[in-house]
Structures are given as structure tokens and as C-alpha cells.
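*Asks:* One structure, pasted below without further comment.
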Amino acid sequence: METKEYTRIGEKLWHTRLDNGLHIYVDVKPDFSKSFAFFATSYGGMDMRFQLNGAWHDTPSGVAHFLEHKMFDTKDGNALQDLAANGASPNAFTSTDITGYYFESTEKFEENLKILLSFVSVPWFTPESVAKEQGIIGQEIRMVEDDPQNQVFYGMLEALYAHNPVRVSIAGTVESIAGITADTLYDCHAAFYNPGNMVLCVCGDVDPERVADIAREILPGEGITDIPRDYGEAEAEEAFRPETVQSMAVSTPIFQLGWKADPAPRGEEHLRRQFLGELACEAVFGTSTPLYARLYGQGLVNQSFSYGYEAYPQCAMLTVGGESRDPRAVRQAIADEVERIGREGLDQALFDRIKKGVYGGRVRALNSFEHICVGLAQSHFAGEELFRFPEVFEAIGKADVEDVVRRWMTPARTGLSIVFPKEEQA
Amino acid sequence: MTQVTQRDLMPGVRLTAVQTHKFKSNQLSVTLLAPLAAETASANALLPYVLRRGTRAHPDLESLSAALDELYGGSIEPAVRKKGEAQCLGFVASFLDDAYAPEGAGILEGAARLLGDLLLRPVTEDGGFRKEYVEGERSNLVDRIQAQVNEKRSYSLLRLTQEMCAGEPYGVDRLGDEESAAAVTAEGLWARYQTLLAQAPVELYYCGSADADRVAAALTAALDSLPRAEELDEPDHGVQDNATQDQPRLVTEAMDVTQGKLALGFRTGGACVWEDDYPALLVFNALYGGTPTSKLFLNVREKLSLCYFASSSLEKFKGIMVVSSGIEFRNYEKAKAEILAQLDNCRAGAFEDWELEGARRAVVSALRSTMDAQGRLEDYWLGQAVAGLAEPPQDLVDRVEAVTRAQVTAVAQKMELDTIYFLKGKED
Chain A
1241 METKEYTRIG
1251 EKLWHTRLDN
1261 GLHIYVDVKP
1271 DFSKSFAFFA
1281 TSYGGMDMRF
1291 QLNGAWHDTP
1301 SGVAHFLEHK
1311 MFDTKDGNAL
1321 QDLAANGASP
1331 NAFTSTDITG
1341 YYFESTEKFE
1351 ENLKILLSFV
1361 SVPWFTPESV
1371 AKEQGIIGQE
1381 IRMVEDDPQN
1391 QVFYGMLEAL
1401 YAHNPVRVSI
1411 AGTVESIAGI
1421 TADTLYDCHA
1431 AFYNPGNMVL
1441 CVCGDVDPER
1451 VADIAREILP
1461 GEGITDIPRD
1471 YGEAEAEEAF
1481 RPETVQSMAV
1491 STPIFQLGWK
1501 ADPAPRGEEH
1511 LRRQFLGELA
1521 CEAVFGTSTP
1531 LYARLYGQGL
1541 VNQSFSYGYE
1551 AYPQCAMLTV
1561 GGESRDPRAV
1571 RQAIADEVER
1581 IGREGLDQAL
1591 FDRIKKGVYG
1601 GRVRALNSFE
1611 HICVGLAQSH
1621 FAGEELFRFP
1631 EVFEAIGKAD
1641 VEDVVRRWMT
1651 PARTGLSIVF
1661 PKEEQA
Chain B
275 MTQVTQRDLM
285 PGVRLTAVQT
295 HKFKSNQLSV
305 TLLAPLAAET
315 ASANALLPYV
325 LRRGTRAHPD
335 LESLSAALDE
345 LYGGSIEPAV
355 RKKGEAQCLG
365 FVASFLDDAY
375 APEGAGILEG
385 AARLLGDLLL
395 RPVTEDGGFR
405 KEYVEGERSN
415 LVDRIQAQVN
425 EKRSYSLLRL
435 TQEMCAGEPY
445 GVDRLGDEES
455 AAAVTAEGLW
465 ARYQTLLAQA
475 PVELYYCGSA
485 DADRVAAALT
495 AALDSLPRAE
505 ELDEPDHGVQ
515 DNATQDQPRL
525 VTEAMDVTQG
535 KLALGFRTGG
545 ACVWEDDYPA
555 LLVFNALYGG
565 TPTSKLFLNV
575 REKLSLCYFA
585 SSSLEKFKGI
595 MVVSSGIEFR
605 NYEKAKAEIL
615 AQLDNCRAGA
625 FEDWELEGAR
635 RAVVSALRST
645 MDAQGRLEDY
655 WLGQAVAGLA
665 EPPQDLVDRV
675 EAVTRAQVTA
685 VAQKMELDTI
695 YFLKGKED
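So the sequences go chain by chain: A and B. Position in the first sequence (from 1) plus 1240 gives the number in the working numbering. Position in the second sequence (from 1) plus 274 gives the number in the working numbering.
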């Protein structure tokens, strides 16, 4: 075990690796009454084809998310109830590459941690409970299909990617989840929910040694550290197609514009790419750029404008989205600005400013325990050291950002997704 | 240690300062309070957005963003909130604490100055707001009101409130309505602005490492030109105790959706933030539909699979509880019956001890963690200010700990169903 101090951001992080392969991170926060625990597996919507005990398994879309719902069932009842009865707020999420279970509580932390580690590591599925969940998740899928924000994002992924499973809906479809059985769930649990493929991150006024003792007591003694997965062949650099269009019950068109960035390698470069991506967005169309001011002034974008960089296995992207009466004009304006920056370079004063701004935003985000714990888990799976971000960030120069703007934000790498209002809708 | 102080900086201008070293950032907000009314709601809601477009020193967005970047990525966001029948308009700012800025000192003073500029020294033309900014933000506001229909769960609650409280100020949305938003002119908005500056009670809030004297000095300097009228226009609070009719009203709408939304609005029989039974109301709501172990969640969702979500929430300043659920259209009767049956169980005291304790723990935990979250703490204290209350979260925790089973049953018995709103599909 080791404790590291990061004085520039006022954080102190305790870390250990148990014999079963589980990594534990504890960020000790003495002044807070709440504690947060996050137990996550490197397994998400895109992990549909994997190898276990030498054999390849192909699973339908939506299993990781389905499993997340079913994990709360225990032989004696439901873990949500047990946690909530202690006043804890438990929840879980499934993303493209991570499934995480967590609780926040202001009392009985150790008891809650035992419940968390136990229900996530001990599966309990029956044909009846799987069938019932198919009804509940079917409703959730319908709700997601009614959500324009979700639809416009998947529209962009389908424009950018030809076959990388990042483009497949995390929740699956009503049809795909109909093919899930209790055995599918047991197989996926055996592969991905073993301590060697997981991480435990805790934030709060807690004793790290006690956290490790509880993990040793509850979790299995052995784990598998390497589960090979198959995401298909490497994608082309270019977007699969330039545009996807849908129509839904919305009042103004909404859009999501994406650029296919180079896939990020593991390690510190992964963290550096994250900053390069964020700074590229800030520099081209961020809220302190002349372009944003112009688009906003022309009524082409409004307050709903948001952007960022996302990296998953074998793919990474820059995205920007919001509401616009003319999404194609937004794409053109951004393409023109990218071309100008490619020619003239970035303004030094603008670059210095956005760098200050992005740094402050990063530090401020450390107020959130959830942000810290989820960030520590993501960084762990990507082989990064999260709290070294001030050093990594400092080393990035203007030319580095100009370079990714030139290489990643080309017209050929661009995919635009639009959801137009349906005709009959006002 | 956390220390909370309240003081008046000038007539009708109050500062609530929370001093703590827990956070990496400081939070600062300035809020004007106005009575919620259909005639003024849209203009009031528009104001912070127009002001946010430019000050005399930073006349456009680019220049404002640059000023915020210099404060290490500080943010100042327009905020339009509804607390009971008070409309709360202003700005919430968040910025890095001096301790974590590589070249840090005086970020608080810089942020206070910018906030004061935004409120008091807007960029002007012809003695009023810049027309381009008013027109642009008016169009954004109209878009925002139109976009309310996009998110069906919140839309169903908005429609429920409009129908249930038609004729009461509370029926007015925080953004007003589309028609009056579209009708706001630059001249009209300028007049509204002058009225608000003179007559609206102003709530200032700070949370961070600085002591209250430093905060008061920074804000007093930033707001020194604020005009103050003799008489302030204080918002009232109208709590309607009982359902407005003998029979609950049913309002049904059809839209192109695949999942139905069923919303039920209850009057709480006068139980609200000012009354002694408020802690019992909090526990009852958690027990009935406020948590993942509540009766609605466990029965309507988990046991009967009637819906994807079913939950209840309170409007503590108005004495209203709403139940919100997403269901298949054909399950309307079944879901409604089950939602009401679970309320009857609460009224009859048909709940286990673990349910009661779980509900209590959830309320206590939410209050305690409010003290650990800057954004929620700001919203808590603004609510207290609007209500004219000064009780900190910790004292309310003590009262919640003392709530008895009989008090929960008693408050449950006061609930009266007023209005039902059902959003269904077109091809039903």
C-alpha cells in the first residue's frame, strides 16, 4: 500500500492492490459528513464479444445494463432496500465501457460498504426474475427511444463509426434483451465481475485500512486479471457517413456533431489526449471564442450548447451539440474556423485564457465525491494517474492543440446527427 | 468548521455567508425576489439572460468569457427559480478558491466585481438595453418555453401544476408563458429592470474560505450603486389547504409518445415549511414515494411492474405533493389505483418499522449531505431566505429524528387529491 500527496490540488490518495487483483483507492476527506463508495467493473455496453476459459462468447446488446439491474437482487431480497434502510442513497450506471455501483451515506459506512461489495459479487438470477426485468427494461428502452437527446447522440455515433460497438445502444433493444437468459447473465458475471477486473474507489472521512479489510473479508480470494475482448477491426480514420437525420417530437432541431479522433493509447498519454481534446473544443468553438460569440449572436446556437472529448477502447471522439435552427450552418461555420486555425494558428492570448479556464474547472470538479470516485476508476482502467493532471496539463503547448485541430477536425472525420421536429408538431 | 452568518448590507439587501475550508471553490450568488405573476414572469425571467450578455466593461460574450477564464474558469450563470409563489432571479457564480490558483489572490473580489457589473452596469444603447441582446435572448426564452414539451416527465408535471393551480400565482411557470415572453420589448424590459432594482428584496449568498467581513466588503463595493426604494415589494405565499373541488379533476392530453406519463397532484392540507408538521411531511413523502424503498417504488414499479418510475415530491413552500410515473397507456387505471392504494396504506399506518426508519434515514441523510454540496446548500439558504426562516439543516435534522409514527400517519391523512394529468399516445 502507498499514500501519495498531491499538494497542488490538496488531495491525498491511499492505494493498495489485494491478492485477488482488486485495486482500492481511498481519498480521505476529514471535514465531510458524507462518504461515497464506488465499485466498478471494466465492462460496459460495448463489451459484447469476449473470451472466458478459452472460449469466445457472443452476447446480445444490452447485457451489461441488464446485469446492472439484476445485481441488486439478492437471495434474501433486494440490496437497494438494505442500503436505503440505512439512509444510504444507492445507485448504479452502465456506460459504454464501465458498469459502476455506488452509494452515498452519512452514517453506517462500513455496514453499507459490506452490502455493496456483497451484492455486486454474489449473483442471484432466476428465470422468473429475468423475465420480470425484461418488462421493466423494455419500458426503460421505450423511454430512451422517446428521448431526443439520446437519439441524437446515437445518430452521431452511427455517422462516425461503421462497426465499432460504441455505436450500439447500451440498453439494447426490446428484441435483443428478449434473448437474455439467466445463463447469459451468469457467464458475463463470471467473466467481468471478478476482483481482477474491478476497482473500488472511496471518498470520505474513512479509515483506508478498514476499507481494505472489509474488501478482503467479503470478496473472493482469486480473480482473473485479463479478459480478452473483441471490438472488431480497427475503424477507418474517416467518418462512416457525413450525416444522419431523424424526426421526433421536438420544438426546435437538435444536433450532435462529432469528429473521429485517433484512438488513445493507455497510460499518461491517455490523460494528455483528454486535455488535448478538451482544449481543442475550447479553442475552436468554446464559449470564449469569437466563433461561439458569432454563432450565439446569429441565433444559430443557444445556452444548450455543450461539448467535450470521449475516449473508449479503439475509438475516441470530439463532440459538440445543442439546439439550432440550422445545424448544417453550424457545421459549416466550425469547418471554416478549423480551416482558418489550420492556416493561421491559434491566438496566444486566447490559448492562455482557455488553459487557465480548463484548469480551474478541473480543480473545482474535485468538490464532487462522485466525480472523484468515477474519475479514479476510469483513470485506473485507462492506466492513468488521475491526480497528476496539473503536471500533464502544464506541459501542453499551443502547438500541441493546433496539431490535433489540424489532424482530427477535418471534414472527412466529421459526422453530423440532426433530429428535426416532426411535421405535425408545432 | 462551518460558520453561517447573516447580515444586512443595505436596506433590503441581505448577505448569508457560509465560511468553510471544505471546498476547492467559492460560490457567490445574487438573487432578486419578485412576486410570481403572469404579467411579469416572462420579463423577469428574461432579465438575467439579457444582463448576462454584456457589461460596460465587458460588452459582449467573448469578453465576458475571457474575464471568467482569467478567474480560472469561473462560471456565472443566470438563475431563474420558483420558490412557492416567489420568482427568484439572478446569478450563481462559482470560482476557484485562492488556495488552488497557481497565481492566486483576490479571485473573490474579482468575481464580486463582475457580478456587480452584470447586475448594475449593463451595456446600453439609447438609454436602454442593447436591442440585439433583448431580441436574441427573447427568442432563446421562447425556444426554452417551447422546448419544455421535449422532456415528457417534467412537461407532465408542468402541465399538472398549470391545471391544478390555475388562478393561483403558483400556476405560473418560472419562465412565464410563450405569448408574454414573445411580447417583451426592450423598453418594457428596461422599465421592469428599474422597478426590480429599486423594489426587489435582494439575497446575497457566499460559501467558501473567506471570512464574512471580507465577503461583505467585496459585495458592498460591487453593489454600491444599487438604488433602494422606501418600500420593497415582498413576495407573499398563498398556501391553499384543501383540494379546489369535490371530485379530482382529470386532464388528458395526447401526443406522439410511446410511453404514457401519469401525474397526480395533492394538496397537503396546509402542511408546509412553516408548520410544525413539516418534518413529518418530509418523512411521509420519503416513505410514500421519495426513495427507492418507498411504497410507490417497491409496489408500483418493482412488485407489479406497472411502470418504469413512480415517485413523489413536495413543494414545501406551497403545500403540494405530486406523484409522477411513466406507464404503458393501457395500465392507466391499474397504476392510478395502486398509487392511491399505497397512499391509503400510509393513512392507515400500514407500514413496517423498517419502512419508517428507512424514510427517516433518507431525509436525514439528504439534509446532512446538503451541507457537503455547495450548490444544494446555496439553494437551501435561498429557500430559507424566501420563506423568512433561518433554521440551518442541522436543526431540521434534529426535528426529523423526533418524528413519530402517529405524526406520519396524521400528515398522510391530510393529503387530498386535487388534479390528475395523463399524457397518452395518439394512436390509443
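C-beta atoms are modelled at their ideal positions from N, C-alpha and C, and glycine is treated no differently.
Apart from the five residues just before and just after E1624(A), which ones in its own chain have a Cβ nearer than 7 Å to its Cβ?
*Replies:* Here residue 1624(A) corresponds to residue number 384 of the first sequence, with the count starting at 1. Closer than 7 Å at Cβ, skipping near neighbours: G1507, E1508, H1510, L1511.
*Asks:* Using a C-beta to C-beta distance shorter than 9 Å, which residues of chain A count as neighbours of V292(B)?
*Replies:* The count along the second sequence starts at 1 and reaches residue 292(B) at position 18. Neighbours of V292(B) on chain A: none; closest Cβ ~13 Å, over 9 Å.
*Asks:* In its own chain, which residues sit with a C-beta less than 8 Å from the C-beta of L570(B), not counting the 5 before and 5 after it?
*Replies:* Your numbering for residue 570(B) matches position 296 in the second sequence. These residues qualify, in order along the chain: Y562, G563, A584, S585, S586, V597, S599, I613, Q616.
*Asks:* Please list, in chain order, all residues of the same chain as N414(B) whose beta carbon is under 8 Å from its beta carbon, the five residues on each side excluded.
*Replies:* The count along the second sequence starts at 1 and reaches residue 414(B) at position 140. Around N414(B): Y323.
*Asks:* Roughly how many whole angstroms lie between the Cα atoms of N1318(A) and T565(B)?
*Replies:* For the purposes of this step, residue 1318(A) is taken as the residue at position 78 of the first sequence. For the purposes of this step, residue 565(B) is taken as the residue at position 291 of the second sequence. Looking at the two C-alpha atoms, the distance is approximately 14 Å.
*Asks:* Using a Cβ-Cβ cut-off of 9 Å, state whether Q1543(A) counts as contacting chain B.
*Replies:* Taking the first residue of the first sequence as position 1, residue 1543(A) is located at position 303. Output row for Q1543(A): interface = yes.
*Asks:* What ranges does the alpha helix (DSSP H) occupy inside the region 598-625 of chain B, keeping only unbroken runs of at least 4 residues that lie completely in it?
*Replies:* 606-621
*Asks:* Under the rule that 16 or more other beta-carbon atoms within 10 Å means buried, what is E1251(A), buried or exposed?
*Replies:* Here the question's residue 1251(A) lines up with position 11 in the first sequence. So E1251(A) ends up on the buried side.
*Asks:* Hey, which unbroken runs of the alpha helix (DSSP H) at 4 residues or more fall wholly within the region 318-347 of chain B?
*Replies:* 335-344
*Asks:* CA-CA distance, D371(B) and F1627(A)?
*Replies:* Here the question's residue 371(B) lines up with position 97 in the second sequence. Here the question's residue 1627(A) lines up with position 387 in the first sequence. The straight-line gap from Cα to Cα measures roughly 18 Å.
*Asks:* What residue range does the alpha helix (DSSP H) around W1499(A) cover?
*Replies:* Reading the first sequence from its first residue, position 259 is the one you call residue 1499(A). In the DSSP assignment, W1499(A) falls outside any alpha helix (DSSP H) and within the unbroken beta strand (DSSP E) covering 1494-1501.
*Asks:* Span of the alpha helix (DSSP H) holding I631(B)?
*Replies:* Position 357 of the second sequence holds residue 631(B). Per the sequence presented here, residue 631(B) reads as Glu, with Ile not at that position. It spans 627-644 - the alpha helix (DSSP H) in which E631(B) sits, taken as one unbroken run.
*Asks:* According to DSSP, which residues form a beta bridge with F591(B)?
*Replies:* The residue you call residue 591(B) lines up with position 317 of the second sequence. According to DSSP, which records beta bridges pairwise, F591(B) is partnered with nothing at all.
*Asks:* Just reading off the alpha helix (DSSP H) that S413(B) is part of, what are its end residues?
*Replies:* Against the second sequence, residue 413(B) aligns to sequence position 139. It spans 405-420 - the alpha helix (DSSP H) in which S413(B) sits, taken as one unbroken run.
*Asks:* Using a C-beta to C-beta distance shorter than 9 Å, which residues of chain B count as neighbours of A1489(A)?
*Replies:* Locating residue 1489(A) in the first sequence gives position 249, where the first residue counts as 1. Residues of chain B with a Cβ closer than 9 Å to the Cβ of A1489(A) are, in chain order, V423, N424, K426, M529, D530, V531.
*Asks:* Considering only their Cβ atoms, is the gap separating V1578(A) from R1646(A) smaller than 9 Å?
*Replies:* Residue numbering aside, residue 1646(A) sits at position 406 when the first sequence is read from its first letter. Residue numbering aside, residue 1578(A) sits at position 338 when the first sequence is read from its first letter. Their beta carbons are under 9 Å apart, which means R1646(A) touches V1578(A) by this criterion.
*Asks:* Counting Cβ pairs closer than 8 Å, one from the region 1442-1461 of chain A and one from the region 1262-1270 of chain A, do we hit at least three?
*Replies:* yes
*Asks:* What's the C-alpha gap between F696(B) and P1363(A)?
*Replies:* Translated into the one-based positions of the second sequence, residue 696(B) becomes position 422. Translated into the one-based positions of the first sequence, residue 1363(A) becomes position 123. When rounded, the distance between both Cα atoms is 38 Å.
*Asks:* Are the Cβ atoms of V354(B) and L345(B) separated by less than 9 Å?
*Replies:* Numbered from 1 along the second sequence, position 80 holds the residue referred to as residue 354(B). Numbered from 1 along the second sequence, position 71 holds the residue referred to as residue 345(B). For V354(B) and L345(B), no; Cβs fall outside 9 Å.
*Asks:* Apart from the five residues on each side of it in sequence, which residues of its chain come closer than 7 Å, Cβ to Cβ, to E1351(A)?
*Replies:* Taking the first sequence and counting its residues from 1, the one referred to as residue 1351(A) is at position 111. Result list for E1351(A): N1326, in chain order.
*Asks:* Measure the C-alpha to C-alpha separation of V685(B) and P1630(A) and round it to an integer number of angstroms.
*Replies:* Counting from one through the second sequence, the residue named residue 685(B) turns up at place 411. Counting from one through the first sequence, the residue named residue 1630(A) turns up at place 390. Computed Cα separation, rounded: 53 Å.
*Asks:* Does R634(B) come within less than 9 Å of chain A when only Cβ atoms are used?
*Replies:* Reading the second sequence from its first residue, position 360 is the one you call residue 634(B). At least one C-beta of chain A is nearer than 9 Å to the C-beta of R634(B).
*Asks:* Closer than 7 Å by beta-carbon distance: list the chain A residues that pair up with L370(B), in chain order.
*Replies:* For this step, residue 370(B) is matched to residue 96 along the second sequence. Within chain A, the residues near L370(B) are G1600, V1603, R1604.
*Asks:* Looking at chain A, is there any beta carbon in it that lies within less than 9 Å of the beta carbon of C620(B)?
*Replies:* Position 346 of the second sequence, counted from the start, is the residue given in the question as residue 620(B). Closer than 9 Å: no.
*Asks:* Which whole runs of the alpha helix (DSSP H) in the region 454-531 of chain B are 4 residues long or more, in chain order?
*Replies:* Within the region 454-531 of chain B, the complete alpha helix (DSSP H) runs of at least 4 residues are 460-473, 486-496.
*Asks:* If we cut at 9 Å on Cβ distances, does F625(B) have a partner in chain A?
*Replies:* As a working mapping, residue 625(B) is identified with position 351 in the second sequence. False, the Cβ-Cβ gap to chain A never drops below 9 Å.
*Asks:* Going by the DSSP bridge assignment, what does Y1549(A) pair with across the sheet?
*Replies:* Looking up residue 1549(A) in the first sequence gives position 309. For Y1549(A), which the question treats as bridged, DSSP gives the partners L1558(A).
*Asks:* List, in chain order, every chain A residue whose beta-carbon is nearer than 8 Å to that of V597(B).
*Replies:* Indexing the second sequence from 1 puts residue 597(B) at position 323. Here the premise fails: no neighbours, minimum Cβ distance about 17 Å.
*Asks:* Helix, strand or coil: which one does DSSP assign to W1296(A)?
*Replies:* Within the first sequence, the letter at position 56 stands for residue 1296(A). Reduced to three states, the DSSP call for W1296(A) is strand.
*Asks:* To which residues of the same chain is M1649(A) closer than 6 Å at the C-beta, ignoring the five residues directly before and after it?
*Replies:* For the purposes of this step, residue 1649(A) is taken as the residue at position 409 of the first sequence. The residues are W1499, V1578.
*Asks:* Taking 9 Å as the cut-off, decide whether the C-beta atoms of T276(B) and M645(B) are in contact.
*Replies:* Taking the first residue of the second sequence as position 1, residue 276(B) is located at position 2. Taking the first residue of the second sequence as position 1, residue 645(B) is located at position 371. In contact: T276(B) and M645(B) (Cβ atoms closer than 9 Å).
*Asks:* For A554(B), decide whether its Cβ has a neighbour in chain A, counting only Cβ atoms nearer than 9 Å.
*Replies:* Position 280 of the second sequence, counted from the first residue, corresponds to residue 554(B). No, no contact with chain A.
*Asks:* With a threshold of 8 Å, are at least 3 pairs of Cβ atoms found where one atom belongs to the region 452-470 of chain B and the other to the region 392-412 of chain B?
*Replies:* yes
*Asks:* Could you check the C-alpha separation between R281(B) and S1564(A) for me, to the nearest Å?
*Replies:* Reading the second sequence from its first residue, position 7 is the one you call residue 281(B). Reading the first sequence from its first residue, position 324 is the one you call residue 1564(A). Their Cα atoms are separated by approximately 44 Å.
*Asks:* Kindly give me the distance between the Cβ atoms of T1334(A) and I1417(A), rounded to whole angstroms, as I take these residues to be in contact under 8 Å.
*Replies:* To locate residue 1334(A), count along the first sequence from 1; it is residue 94. To locate residue 1417(A), count along the first sequence from 1; it is residue 177. Actually they do not touch by this definition, with Cβ atoms about 13 Å apart.
*Asks:* Which runs of the alpha helix (DSSP H), 4 residues or longer, sit entirely within the region 1292-1360 of chain A?
*Replies:* 1303-1311, 1319-1325
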